[in-house]
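Protein chains in written order, with this note's numbering: chain V, 471 to 954; chain B, 471 to 954; chain L, 471 to 954; chain G, 471 to 954. Every residue, glycine too, gets a C-beta built ideally from N, C-alpha and C. Reading through the structure tokens given below for one structure.
4 protein chains.
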Amino acid sequence: MAIKTPEQYYESLKDLHPTAYILGEKVDNPTEHPLIKHMAAAVAETYKMENDPEGRKFLVAESDLTGEEVSRFVKFYKGPDDLIAKVRMLKFLSQNIGGCYMRCTGMDAINAVGIETYNCDKKNKTEYWPRFLEFVKMIQKNDFVLFSGVTDVKGDRMLRPSEQKDPDMYLHIVDRNKDGIVVRGAKIHQTGSMCAHWALVVPTREMIVKKEKHVDDTDYAVCFAVPNDAKGIIHVYGRGTLEAQPLQDCDLGNAKFSKASPMVIFDDVFVPWDKVFLCGEVEYAGRMVRNFGNYHRHSHGGCKCGVGDVLIGAAATAAEYSGTANVSHIKNKYAEMLKVTEAIYGCSIAASVESTETPSGIFTVDPVLSNTSKLYEGKELAEVICMMVEIAGGMTTDLPSDKDFANPEIGPMLLKYLKGVEGVDTMDRVRIFRFIEKLAFESRDIVSNIHGAGSPETHRMTILLNADIEAKKKLAKKLAGIKD
Amino acid sequence: MAIKTPEQYYESLKDLHPTAYILGEKVDNPTEHPLIKHMAAAVAETYKMENDPEGRKFLVAESDLTGEEVSRFVKFYKGPDDLIAKVRMLKFLSQNIGGCYMRCTGMDAINAVGIETYNCDKKNKTEYWPRFLEFVKMIQKNDFVLFSGVTDVKGDRMLRPSEQKDPDMYLHIVDRNKDGIVVRGAKIHQTGSMCAHWALVVPTREMIVKKEKHVDDTDYAVCFAVPNDAKGIIHVYGRGTLEAQPLQDCDLGNAKFSKASPMVIFDDVFVPWDKVFLCGEVEYAGRMVRNFGNYHRHSHGGCKCGVGDVLIGAAATAAEYSGTANVSHIKNKYAEMLKVTEAIYGCSIAASVESTETPSGIFTVDPVLSNTSKLYEGKELAEVICMMVEIAGGMTTDLPSDKDFANPEIGPMLLKYLKGVEGVDTMDRVRIFRFIEKLAFESRDIVSNIHGAGSPETHRMTILLNADIEAKKKLAKKLAGIKD
Amino acid sequence: MAIKTPEQYYESLKDLHPTAYILGEKVDNPTEHPLIKHMAAAVAETYKMENDPEGRKFLVAESDLTGEEVSRFVKFYKGPDDLIAKVRMLKFLSQNIGGCYMRCTGMDAINAVGIETYNCDKKNKTEYWPRFLEFVKMIQKNDFVLFSGVTDVKGDRMLRPSEQKDPDMYLHIVDRNKDGIVVRGAKIHQTGSMCAHWALVVPTREMIVKKEKHVDDTDYAVCFAVPNDAKGIIHVYGRGTLEAQPLQDCDLGNAKFSKASPMVIFDDVFVPWDKVFLCGEVEYAGRMVRNFGNYHRHSHGGCKCGVGDVLIGAAATAAEYSGTANVSHIKNKYAEMLKVTEAIYGCSIAASVESTETPSGIFTVDPVLSNTSKLYEGKELAEVICMMVEIAGGMTTDLPSDKDFANPEIGPMLLKYLKGVEGVDTMDRVRIFRFIEKLAFESRDIVSNIHGAGSPETHRMTILLNADIEAKKKLAKKLAGIKD
Amino acid sequence: MAIKTPEQYYESLKDLHPTAYILGEKVDNPTEHPLIKHMAAAVAETYKMENDPEGRKFLVAESDLTGEEVSRFVKFYKGPDDLIAKVRMLKFLSQNIGGCYMRCTGMDAINAVGIETYNCDKKNKTEYWPRFLEFVKMIQKNDFVLFSGVTDVKGDRMLRPSEQKDPDMYLHIVDRNKDGIVVRGAKIHQTGSMCAHWALVVPTREMIVKKEKHVDDTDYAVCFAVPNDAKGIIHVYGRGTLEAQPLQDCDLGNAKFSKASPMVIFDDVFVPWDKVFLCGEVEYAGRMVRNFGNYHRHSHGGCKCGVGDVLIGAAATAAEYSGTANVSHIKNKYAEMLKVTEAIYGCSIAASVESTETPSGIFTVDPVLSNTSKLYEGKELAEVICMMVEIAGGMTTDLPSDKDFANPEIGPMLLKYLKGVEGVDTMDRVRIFRFIEKLAFESRDIVSNIHGAGSPETHRMTILLNADIEAKKKLAKKLAGIKD
């Protein structure tokens, strides 16, 4: 069956043995670790929703490859309706998970890679597209979680991949043989890597060959898939803010769900040819990542609007518990918060409506609208979070810990003094403040708003590249009465 | 034929004899007056586009009432596709007219009135809906221009219509007889009134009856249609900024098109029953205007994105003519300008996608998204205009007049000194600066960005009314681990 | 006596015979022209205030040159207290004039020129400083109005003055002889030029000599003073928005005061040596204009805060007249408006406190703070104006004209329908709406907010030049535990 | 000697035995605890600076009470120069500490209490002022650290102190006897409480007596001083974000300094009469806290500008280490960051210049300007932090931990892959990213920007209360030609 249950997902994790390090220690079953288990739970929730009568309306669709019902997380975007459905799915999930569920990068990468493998085959007589379809069918049949390995560590940002002193600063091919290729490098901010089954690795930027300038990025133009626990793949969890609590087995604010974005080192990993989808055809490298970026900014549109609903709901709950629910300036702030979150959503919906078919049959989103959506997430959503904190008040920042409440001497005093309005349990008030702390200060979430799917400057550049300024000049000249 | 040509439109204006005052003088053929003719030209351009191969893709559709091809300006919104098509039409027209073409208020009013006449008939056994359909068919067959009479003068804003000392501060019924009704009052900011064939008058706010508080707005709950030159209707042009030039027969910056929003006084105007579509059923008054408002904010989404393209094009042309086209901070501003204009557009497209069918078969737009779109027009679009002025430089503000250039002593010196880059005619540079002056300082356009379709505070209130804050609180509580 | 009365000012204008063109016509006594007389009135108001018991506290101080009481408009800044006094004077005047009084550019130029003539003499054995002191004493004794000729027309912005195809695109020396020099060029946006007695002309940018690149701006490094009606000086009024009303002898909104910024052509003007203050010493050209710019942004700080008080007062009056004075969101907007206007003021006061003495004894303002002040005027003050319009409502944009009110048929109806709350004369309501129209749409004022004293990009560059980023990096590195 | 050394400060801490709980455990010497010692270090740094030749220019001044040199942290504000000196001192310290040094609340409280004890004595024949002077002299002579106990836990925000179901939700007098008073309640967010010698407790809001409405806040109008380790005082550290690292003895990003704001419970604390400075005189309660608030917003002005310099320096260092130092959009962001931080500073300097003497001889700051300064900290400084994160990139969020770097298997790989430009030690790059993480995600700092010294809504209300809107209306009416 192409739709997994959460139980099947957890079961499938047992077959995986990724090499994983958490806070300096090698960990055998990372998804059971206190810092990771809430992330696996967020992924598992997507499987639960695929089997939920309400949820499946958002998450399940028919595959054009297999004819079977599959998860939208592993499906091609075959038209505006698929793209609208994706945005609504992500909004729905974010409303119910309150953050990341770590399956979007794979979904967006499948589509971005699909388009260019098709294009490359047409021009270069390669065979990436049929290979890739086989891979996608396998993923669909197993309802696997895929993470996209995009972001390289990059070294000196002013140098091209092949110009770096250490050639490994961008992932590249270090060997080719009859069975496959060997790759080396490191990808950072790999959302969900420890909870995934497979990686679909994509170049992080355009690659070029300019022999006369001694630039040759050929070996960096590589795209492939690899199981999460392949030999040579090392996941390093890193650190996040807010970790003292789960390390002491207390919750993080969000009672059930969390997120991590490990660094993934590819220490001479072998990839067989049937999982190689680009191998030196430099002209497709940049296109892949640009399409990926546009798709992923579009994904953020649904996701962050759903998170926005949670931000507003959390602020409104804190206000209710403190007795300020009917204060006029607080209500006014909800409208300002909605202004931003709905604009983020609206632009993603519109980017779907204005989508375009590619030769592969996969549809690309409108790049101006999808990048516009993301820009509002980078600056204005930070203001929304500020407003949430402004509404909730200072108690979001330095509440006593669970251990303080458990202390017999001060616990009762804390419960007495942290009481809000009558009828609300003090610990519920504490819970909402902690949830707001999580929503405002979890660095991976906040930085994802800014740098997820590329930096704001990348979004601006993409908008400029795709907005036809010359055509706009023509409009203005004509209206001003200027003859060309 | 249900599609008029511009010539037929101009011909039809000759049959109209509206009572019109311009700068204190009664004017017989107002649409030929130097202050009005450019407005008639903007309306006429819509007819031209209905007959243009490219334009008709945007402007012409099949009527569900007559089966004939009709203008989208007089058509019901029968689904998301109609609403999307409307947004795209308005963007297209604004790109080509650079401002208002004065047919949107009528289009939006037709749909808002349609919904509630149907609802009222169902509940009250009235016969407004069939009457209204006859009216709309007549409008469609003649491809008439309709203006919606919404905004009353309002007197003391803290008092209800029936509480005002002068009962005429809101338009109301002063007599009813077997043939029809007589109405009195004044509507302000009536975009395009002098260039229209008919008015469709709608209440400007909710109306209530609270006998115990001596409040009875019954006579104010009135909706009707009336020809533009009906007895008792008086159009007062008023004043705008930037009028010194057209009064001296020079252009206004936009070489061909302009806009006005007269005050229209209803001095005891008789309306026969077959043109009366609401008459005392207070519960539908507020609903009509709320639907109208949501539709009209949605209209602004397409329109102002198109204007935005012209703003950007004008700024880029000014930069080209001054030699600053490749300056990095200027390019960066285009991206910031697009961020706003595309968000305005995107939210209107999304409000179409998320539309809802009413019992009448007419679809309403998503109110949160359409009001969000309008909010960006009220504040952020002003920043876009600032950026245009920043890019264009100070010369947009105090250029010599046409008469200075014509003066034999100083004219040649002005042409010498106002030269920009080589190869650009100085007068073309002057034209683009004047166009920018028009785009930045035409008060009716700028204030329309803020107050058109209701004030920003109305938009915020509408968003709050329609966003389910309680549902969002439930999401947050569940995620925080709070049991309800 | 060194303090003139308004009557003496008007008398002195009679002795001036500037060559002036208004709307294509040569005008003999421009300050009596309907488009200029309100500007002369604004200047005259400064003389009135110099003689007013309250006003003289702000406007009058002792000259360090003559020991006499002089106007602060013609005085050197001899310490932080003088600079603070200047900011407060400008705030006071703007509160009472509601806009420009056209004496600040001269004041700021006197100080900027003073500093560099001193520096130049020290290094080059020139004699500009004593000459300049004589000039300033003469101006002080006569309490003259001085305009600073800074902004050249500039031609192609990417080319240096000496690289332009037409060498006259920047004002320059075309002849030198034993009696003096002859200059040619054109200065635009010359605030108050027609109402002034003298011009003090300053280079508009840095000038350089790079012989190897065939760049030689020597002849453009010129600073001098000249009477307003010298032979060869031609003032061209140009056009503004909002001129239809004064052309018909109706007011502009501000009942008494207005502003203009003509273009001033220097058609081979002779300047005797005793009025030449820089003549080819290129290194001082850029310094003069940079100091001028920093001073003038500092001037805007006081001025625009005073205008801001008027904007807020106008909005609050409109709200009072419409009955909305106690609406909470309107009050909230006053706070947001004050946030901006007080920041503009505060930064100018702080730039005074943090001022530095130059070798001449004249103090320069802190450039980071004065440019910061101006940046808030370029973007945020536009938002303040938007808020004013939002509060006042749509009636600010298309009110009937004076001639409509005078019409016996429609006049009484207009008075009836434009009534606001009881007890307020309808014409007073009309007056405040027109004043708001003036405050929001007078292009010269609005563009001055953006481009006055240089463009926002210039302000940003000045901030970056003067903020020591390397020192800030040292602070951060030390705190992060990084050893240098 | 009235100026302590850091060593003397640390010595003095040994004599204090506050009752303190950290993460549920009672701790004997809290200032040696890993979570607190960096806070004590920040306080100690102020003592170091008092003894440093450069630092003492900022921190040391002559006491008007004792004639001795004292720390500015314990001195009355005797004129604009004292207030300017304070702002500069705080900027200087923040530049060198990168955050809070926990002595400002005491400084501001001393001045706020001084003003009202004087006023109360004049009216009520009380003897608070001489008592208070004795207290201040004692503090000055010992150069003690004082924290101000202002913010109560507040319970239901819609109820007054005496209306709460639990009367202890605001600190109040529960007993009075011949020796003194007994107080009960809890103060939260008590910056630096564990590192201080004394508390100066102030009411958190206005108090009223309306017998007819059964409201009597008399017992809540109480101000007093008490040693930090008085019987009944319990400090509860609470929790912050980012604590996992120091708990494992790794640093927090800022190598040496940190901050905490414990909750302080007053469990029936006895205060002798000579340390009681208000006891039931309700009219002075609100005035005390309003003056305190205005002073404290003024303090933020200097402090956060200094922090801003560190934010900019950290961003610029990260850019340098990644090779992006010369990218134009990054430089442009520095200008935008400075725009905000300098406005915050400028308004505080201006609030000093516009200060007013009170009957006590202590000067109050201009409330409009000081609250304006703080408003920029609440919204715009959050944007500055966003810009820092945007410049620094995603690596600020999920870097490997110290323990990962120490791991022999992955440590070397991490050092290889996290390398930036040549010549920069990878660990220095890690240090700057961690410092940025601290600057962006330390909840106590960030929330202090928003809620420190009252919420933004309080700042807006204070601005409105002190800005004379009626006077501004008069200006507008006069200019519009409206006769009053």
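The criterion of a C-beta distance shorter than 7 Å is not satisfied by residue 577/B and residue 665/B.
Residue 768/B places its beta carbon less than 7 Å from that of residue 840/B.
Distance between residue 753/L and residue 585/L, taken at the CA atoms: about 13 Å.
Apart from the 5 residues on each side of it in sequence, residue 881/L sits with its Cβ closer than 8 Å to the Cβ of 874 and 875 in its chain, given in chain order.
Look at the segment 792-806 of chain B: the residues with a C-beta under 9 Å from a C-beta of chain G are 798, 799 and 802. Under the DSSP assignment, residue 811/B falls in the alpha helix (DSSP H) whose first and last residues are 798-823. Around the beta carbon of residue 798/G, fewer than 16 other beta carbons lie within 10 angstroms, which makes this residue exposed.
Buried is the label assigned to residue 713/L, since at least 16 other Cβ atoms lie within 10 Å of its Cβ. Residue 740/G is bridged by DSSP to 652/G. By the 16-neighbour rule on beta-carbons within 10 angstroms, residue 941/G is exposed. For residue 722/V, not one C-beta of chain G is nearer than 7 Å to its own C-beta. Three or more Cβ pairs closer than 8 Å define a contact, and the segment 527-536 of chain L meets that threshold against the segment 545-563 of chain L.
Contacts with chain L at 7 Å (Cβ-Cβ) do not include residue 573/G. One thing to note: residue 867/L has its Cβ no nearer than 7 Å to the Cβ of residue 627/B. Taking the Cβ atoms as the reference, residue 910/B lies roughly 15 Å from residue 728/B, outside the contact range of under 8 Å. Of the residues 668/G, 601/G, 552/G and 935/G, the one whose Cα lies closest to the Cα of residue 819/G is 552/G. Residue 858/V is bridged by DSSP to nothing; it lacks a bridge partner. In the DSSP assignment, residue 527/B falls within the alpha helix (DSSP H) that extends over 523-529. Of all residues in the segment 833-847 of chain L, only 838, 839, 842, 843, 845 and 846 place a beta-carbon less than 8 Å from a beta-carbon of chain G. For the segment 821-909 of chain G, the full-length alpha helix (DSSP H) segments reaching 4 residues or more read 837-848, 850-862, 872-876 and 881-887 along the chain. Short of 8 Å from the beta carbon of residue 906/V, and not among the five residues preceding or following it, lie these beta carbons of its own chain, in chain order: 723, 784, 785, 788, 858, 859, 862 and 866.
The bridge partners DSSP lists for residue 941/V come to none. Residue pairing by DSSP places residue 630/B opposite no residue, since no beta bridge is assigned to it. For residue 706/B, the three-state secondary structure derived from DSSP is strand. If you check the CB distance, residue 699/B and residue 829/B do not come in under 7 Å. Where residue 777/L is concerned, the enclosing alpha helix (DSSP H) starts and stops at 753-792. Counting along the chain, the unbroken beta strand (DSSP E) around residue 539/B starts and ends at 539-541.
Taking 4 residues as the minimum length, the alpha helix (DSSP H) runs contained wholly in the segment 557-639 of chain V are 574-594 and 598-612, in order along the chain. For residue 617/L, the closest C-alpha among the options 808/L, 642/L, 580/L and 641/L is that of 580/L. When 7 Å is used as the limit between beta carbons, residue 565/V is near these residues of chain B: 945, in chain order. Residue pairing by DSSP puts residue 490/V in a beta bridge opposite 497/V and 705/V.
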